[in-house]
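Chains as they are written, first to last, in full-length UniProt numbering: chain X, 1 to 202; chain G, 1 to 202; chain F, 1 to 202; chain Z, 1 to 202. All C-beta atoms, glycine included, are put in the ideal place defined by N, C-alpha and C. One structure below.
There are 4 protein chains.
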Amino acid sequence: MSVTGTRPAGRPRSERAEKAIVDATLDLIGEGASVSELSIEAVAARAGVGKTTIYRRWANKEELVGDALATLKAPLPVVAGRTVREDLVAYLDVMRQDSLHVRTRCIMNIAMSDQERHPRLYERFHQTAIEPRRAAMRAVLERGVATGELRADLDVELAMGMLTGTMLWYTKAASHGGALPSPDLASRIVDEALRGFRSAQA
Amino acid sequence: MSVTGTRPAGRPRSERAEKAIVDATLDLIGEGASVSELSIEAVAARAGVGKTTIYRRWANKEELVGDALATLKAPLPVVAGRTVREDLVAYLDVMRQDSLHVRTRCIMNIAMSDQERHPRLYERFHQTAIEPRRAAMRAVLERGVATGELRADLDVELAMGMLTGTMLWYTKAASHGGALPSPDLASRIVDEALRGFRSAQA
Amino acid sequence: MSVTGTRPAGRPRSERAEKAIVDATLDLIGEGASVSELSIEAVAARAGVGKTTIYRRWANKEELVGDALATLKAPLPVVAGRTVREDLVAYLDVMRQDSLHVRTRCIMNIAMSDQERHPRLYERFHQTAIEPRRAAMRAVLERGVATGELRADLDVELAMGMLTGTMLWYTKAASHGGALPSPDLASRIVDEALRGFRSAQA
Amino acid sequence: MSVTGTRPAGRPRSERAEKAIVDATLDLIGEGASVSELSIEAVAARAGVGKTTIYRRWANKEELVGDALATLKAPLPVVAGRTVREDLVAYLDVMRQDSLHVRTRCIMNIAMSDQERHPRLYERFHQTAIEPRRAAMRAVLERGVATGELRADLDVELAMGMLTGTMLWYTKAASHGGALPSPDLASRIVDEALRGFRSAQA
DNA sequence: TTTTAACCGAGACGGTACGTCCCGTCTTTTT
DNA sequence: AAAAAGACGGGACGTACCGTCTCGGTTAAAA
C-alpha cells in the first residue's frame with residue numbers, strides 16, 4: 001500500500017546528471033557562448049552525459065538556459081541600514097563588482113540581450129535575479145522616505161531606475177572601453193542622485 | 001583602351017545587389033534574428049542573390065551586420081536651445097520613441113547585446129549611433145554649466161550616464177512588461193535629474 | 001534443507017512473460033522486420049513487458065530470434081509411401097504452400113538470409129526445420145533406390161539438392177514477381193527430375 | 001545563347017565523390033554489413049565525404065545500396081558453344097566460383113535476403129545481375145532443343161530453375177557447413193540434370 | 001510467520017546513427 | 001571579372017533504439 005507522495009515507477013532521474021548539465025551550460029555561457037552558439041552537443045560532452053538525458057528534462061535550449069540562469073542565486077548583500085546612502089552604495093557596488101567577472105558579464109548579456117528573442121528566458125531571469133534586488137532597493141528608498149531622509153514626494157520607481165540604469169550603463173561603457181569601472185563609481189552615482197532625492201530639511 | 005579614372009576590367013559590381021543584401025539583412029534583423037541566428041543563406045535568398053556575392057563583399061556575418069547597422073543614420077533631433085530642460089527632454093524622448101518600433105528595438109538589441117561577442121560591431125555602432133548623440137547631449141549640459149543654469153561642479157559625464165542609462169533601463173523594462181513607456185517619461189526623468197544638477201541660484 | 005529438483009529461491013520466472021515475448025517476436029518478424037530491424041524495445045512494448053525481462057533471459061537479439069524460430073515446429077507431412085513420385089510431390093508441395101504465407105516467408109527469409117551474419121541462428125533453424133525434412137526426403141529416395149524404382153547409382157544428396165533447390169528458387173522467383181507459384185509446380189519439378197533419376201527398367 | 005544539352009548552372013556534382021561513396025558502400029557490404037547495419041555515417045567517413053553529399057544523391061540507404069549493387073557488372077563468361085553440357089557447366093561454375101568470395105557472398109545475401117523488405121532493391125539487382133545470366137542460359141538450352149540435343153518438349157524455364165536453384169542451394173549449404181563446394185559440382189549437377197533433359201536419340 | 005532472494009514493470013542512463021539544415025568554400029556557366 | 005547557381009566537407013539539430021542500470025513492488029521458498 002503506497003502513501004501519498006509516492007515516487008513514480010522506474011529509475012529516478014540522477015541529480016548528479018542534472019547538476020552536471022546545468023554546470024556545463026553555465027561554464028559554456030561563461031566562456032562566451034550565446035544562446036544560439038551554445039550547442040547541446042557541447043553541453044552533453046562537457047557534462048559527460050548523453051544528449052538524451054538533456055532532452056528528457058528540457059524541451060529545448062532555451063528552457064535549459066533558463067533553468068541554468070535561474071540556478072544562479074543572486075546573493076544580496078546584507079546592508080547596514082544606517083543611512084540610505086550607505087545602503088544604496090552597497091547595492092550598486094555589488095553590480096559593479098559583478099561586472100568585473102567575465103562569467104557574470106556573459107550571463108547578463110545572454111539574459112538581457114535575448115530578451116526580445118527568448119522572452120520566457122528573460123522573464124525567469126527577471127523574477128529570480130532582478131526583482132529581488134529591486135525589492136531590496138525599493139525597501140531602502142521607502143525607508144528613507146519614511147524617516148524623512150528622502151523627499152516625501154520622491155518617485156521611488158523612477159529613483160530606482162536612475163540608480164540601476166546609470167550603473168548598468170556605466171559598467172557596459174567601461175567594459176566596452178576596456179577600462180574597469182572606477183571603484184568609487186557607486187558612491188559617485190549615489191551622491192549625485194541623492195542631491196535630488198533628499199528632503200529639504202535633510 | 002581606357003581613360004583616366006578607368007573602371008577595373010570586367011563586370012562591375014552591381015549596386016542593386018549590394019543594396020538588396022543590406023536591406024535583406026536589416027529586414028531579417030528587424031524580424032528578430034540575432035547575429036548568430038541570422039543566416040547568410042536567408043539573406044541571400046531574400047535578396048535574390050548568390051551567397052558568393054555576399055562573401056565577395058564581406059568577410060563574415062559580423063562585417064555585413066556592421067555595415068548594415070551603420071547604414072542606419074541616426075537623425076539627431078534639432079533642439080530649440082532655450083532651456084537645458086527642453087533640450088534634454090527632446091533628446092531623451094527620441095530614445096523613447098525609437099523604442100516603440102520593433103525594428104529599432106531589435107537593432108539596439110543586436111548592437112548592444114553582442115558587444116562582448118562582436119566587439120568591432122559594437123564599436124562601429126557606438127561611433128555612428130551613440131557617440132554623436134552623446135556629443136550633442138554633452139554640449140547641452142556644458143552650455144547649461146556655462147550659463148549657470150547647472151552647477152559649476154557638475155560631473156557632466158556622470159550626468160549623461162544618469163540620463164541615458166535611466167531611459168535605456170526604462171525602455172527595456174517597459175518593452176519587457178509589454179507596456180509602452182509613458183509618454184511623459186522623458187520629462188519625468190529630466191525633472192528628477194535636474195533637481196540635483198541645477199545650481200543653487202537657479 | 002532442500003530436496004532434489006527443488007526450485008531456486010526467489011520468485012520464479014513468469015511463463016506468461018516468456019510466452020508473450022516469443023509471440024511478440026514472431027509477430028514482428030511476421031510483419032516483415034529483419035533481425036536488425038526488429039527492435040527489442042518494440043518486442044517489449046508489444047509483449048507488455050520490461051526490457052529487463054527480455055535481457056534476463058536472452059543475451060542478445062539473435063538468441064531471442066533463434067528461440068522464437070525454434071518454437072515453430074515444422075509439422076512434416078505424413079506420406080503415403082506408395083510411389084517415390086507421390087511422396088516427393090507431397091514434400092515439395094508443403095514447401096510451396098508454406099511460401100504462400102507471408103509469415104512463413106518472412107521467417108524463411110530471416111533464417112536463410114542472415115546465415116552469414118547470424119550463423120548460430122541459421123544453425124538452429126537448420127537443425128530444427130531443415131534437417132528433419134531432409135532426412136524424410138532422403139528416406140524416400142533411398143527407399144526408391146532399394147526398391148529399384150530409382151537408379152542404383154543415384155547420388156541421393158545431389159538429387160535432394162536438385163529437388164529442394166529448384167523449389168526454393170521457384171518460390172522465391174514467384175514471390176518476387178508477385179505471382180503465386182503454380183499449384184502443379186511440385187509435380188512438374190518431380191516429374192522432370194525423376195526422368196533422370198529413374199532406373200532403366202522402371 | 002545556349003545550345004541544347006547545356007549543363008545546368010552551378011557546380012556540377014563530383015564524379016570522384018560519387019565513385020568514392022559507391023566504393024565505400026560496397027566495401028562495407030563486403031565486410032559483412034547488412035542493409036540495416038550499414039551506416040550512412042560510416043559510408044561518408046570511409047568515402048571522405050560529407051553526409052550531405054550522399055543524401056543529395058540518394059534519398060535513403062536502400063537507394064544507395066541499390067545503385068551500389070547495380071554497379072557490379074556481372075561479367076558473363078564467354079561460352080564455347082560446342083555442347084550444351086560444356087556451356088551449362090561453364091555458367092554454373094561461375095556461380096560456384098563467385099560463392100568462394102566473401103564479398104560476392106555478402107552482396108548476394110543482401111540482395112536476395114532483403115527482397116521482402118527492400119523489394120525495389122531486389123528488383124534492380126534482378127534486372128542487372130540475374131536476368132542477363134538467365135537469358136544466356138536460356139539461349140544455351142533453346143539452342144540445345146533446336147539442335148535436337150535436348151528434348152523437344154523440354155520446359156526450358158523449369159530446366160533453368162533446376163540448374164540455378166540446385167547450384168544456389170549447394171553453395172549456400174556448403175558455405176554454411178564451412179566446406180567449399182566441390183570443384184566438380186557444376187559438372188555433377190549438369191550431368192544429373194541432362195539425364196532427364198536429353199532427347200531419346202541423343 | 002517472517003525473512004529473503006529473485007523476479008517484475010517502468011524508466012533513466014551514456015551512446016550511436018538517423019536524416020535535415022546551415023555554415024563558409026569551391027566550381028561552373030552566364031552576363 | 002562579377003553574377004547566379006548550386007555542390008562540397010563539416011557540424012549541430014532533435015529523434016529513435018541500443019543494451020545497461022536502478023528503482024519500488026511482487027511472489028514464493030527457506031528459516
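Handout entry: Rounded straight-line distance, which links the Cα of F/I54 to that of F/A24
Key = 11 Å
Practice task
May I ask you to list, following chain order, the residues of the stretch 158-181 of chain X that have a beta carbon less than 8 Å from some beta carbon of chain G?
Solution key: L158, A159, G161, M162, T164, G165, T166, M167, L168, W169, Y170, K172, A173, S175, H176
Exercise for the section: In angstroms with no decimal places, state the Cα-to-Cα distance between Z/E37 and Z/I110. Expected result: 11 Å
Exercise for the section: Could you tell me if residue 208 of chain G is buried or exposed, where buried requires 16 or more neighbouring beta carbons within 10 angstroms of its beta carbon? Expected result: Because chain G in this structure spans residues 1 to 202, residue 208 of chain G falls outside the shown range and cannot be described.
Handout entry: Residues from the stretch 32-56 of chain Z in contact with chain F, defined by Cβ distance under 9 Å
Key = G32, A33, S34, V35, S36, E37
Exercise for the section: Go through its chain and collect everything with a Cβ distance to G/D98's Cβ below 6 Å, but skip five positions before and after it. Expected result: T104
Exercise for the section: Rounded to whole angstroms, what's the CA-CA distance from X/A136 to G/V140? Just pull it up for me. Expected result: 35 Å
Exercise for the section: At 8 Å on the CB atoms, spell out the chain F contacts of Z/H101, in chain order. Expected result: What Z/H101 touches in chain F: nothing, since even the nearest Cβ is about 12 Å away.
Practice task
May I have the straight-line CA-CA distance separating G/T166 from X/V35, to the nearest angstrom?
Solution key: 27 Å
Problem - Given Z/T52 as reference, the closest of Z/L194, Z/S14, Z/A129, Z/P132 once Cα atoms are compared - result: Z/S14
Handout entry: Inter-stretch contact (C-beta, 8 Å, three-pair minimum) for the stretch 122-132 of chain F and the stretch 166-177 of chain F
Key = no
Practice task
Determine the direct distance from the alpha carbon of X/I29 to that of X/K73, and round the result to whole angstroms.
Solution key: 16 Å
Handout entry: is_contact[G/Y122, chain X] using C-beta, thresh 8 Å
Key = yes
Practice task
May I ask you to report which of helix, strand or coil DSSP gives G/L100?
Solution key: coil
Handout entry: Within chain Z, partners of F/G148 - CB distance below 8 Å
Key = Neighbours of F/G148 on chain Z: none; closest Cβ ~17 Å, over 8 Å.
Problem - Rounded straight-line distance, which links the Cα of Z/E18 to that of Z/T6 - result: 21 Å
Practice task
Would you verify that the beta carbon of X/R188 is, or is not, closer than 8 Å to some beta carbon of chain G?
Solution key: yes
Exercise for the section: List the residues of chain X that G/R96 touches, going by C-beta distances under 9 Å, in chain order. Expected result: The contacting residues do not exist; G/R96 stays about 13 Å from chain X at best.
Exercise for the section: Could you check which residue in Z/G10, Z/L88, Z/L150, Z/G66 has the C-alpha nearest to that of Z/H76? Expected result: Note that residue 76 of chain Z is Leu in the sequence shown here, rather than His. Nearest option by C-alpha distance: Z/L88.
Handout entry: Neighbour-count burial assignment, Z/D153, 16 or more Cβ in a 10 Å radius
Key = exposed
Exercise for the section: For G/D155, decide whether its Cβ has a neighbour in chain X, counting only Cβ atoms nearer than 8 Å. Expected result: yes
Exercise for the section: Output, in chain order, the set of chain X residues within a Cβ distance shorter than 8 Å of G/A193. Expected result: M162, G196
Problem - Simplified DSSP assignment, three categories, for F/T4 - result: Summary for F/T4: the model assigns pLDDT 46, below 50, so the residue's position carries little reliability; its value from the coordinates is reported in the next sentence. Correct three-state label for F/T4: coil.
Exercise for the section: Let me know the secondary structure DSSP gives G/L154 once reduced to three states. Expected result: coil
Handout entry: Option nearest G/A70 by Cα separation, candidates G/G196, G/V190, G/R124
Key = G/R124
Handout entry: Exposure label - F/G66; buried when at least 16 CB within 10 Å
Key = buried
Problem - With 16 other Cβ atoms within 10 Å as the buried cut-off, status of G/R96 - result: buried
Practice task
Look at the Cβ atom of G/C106, then the Cβ atom of G/G177, and state whether they are nearer than 8 Å.
Solution key: no
Practice task
Ignore the nearest five residues each way along the sequence and tell me which others in residue 203 of chain X's own chain have a CB closer than 7 Å to its CB.
Solution key: An answer regarding residue 203 of chain X cannot be provided, because it is not within the stretch 1 to 202 covered by chain X.
Exercise for the section: Count the CB pairs spanning the stretch 39-52 of chain G and the stretch 41-51 of chain X that are closer than 8 Å, and state whether there are at least three. Expected result: no
Exercise for the section: Check Z/R198 in the structure and name its three-state DSSP category. Expected result: strand
Problem - Assigned exposure category for Z/A193 - 16 Cβ within 10 Å defines buried - result: buried
Exercise for the section: Starting from F/E41, follow the alpha helix (DSSP H) in both directions and report where the run begins and ends. Expected result: 40-47
Handout entry: Simplified DSSP state of F/G50, which is helix, strand or coil
Key = coil
Practice task
Following the continuous alpha helix (DSSP H) through G/A20, name the residue where it begins and the one where it ends.
Solution key: 15-30
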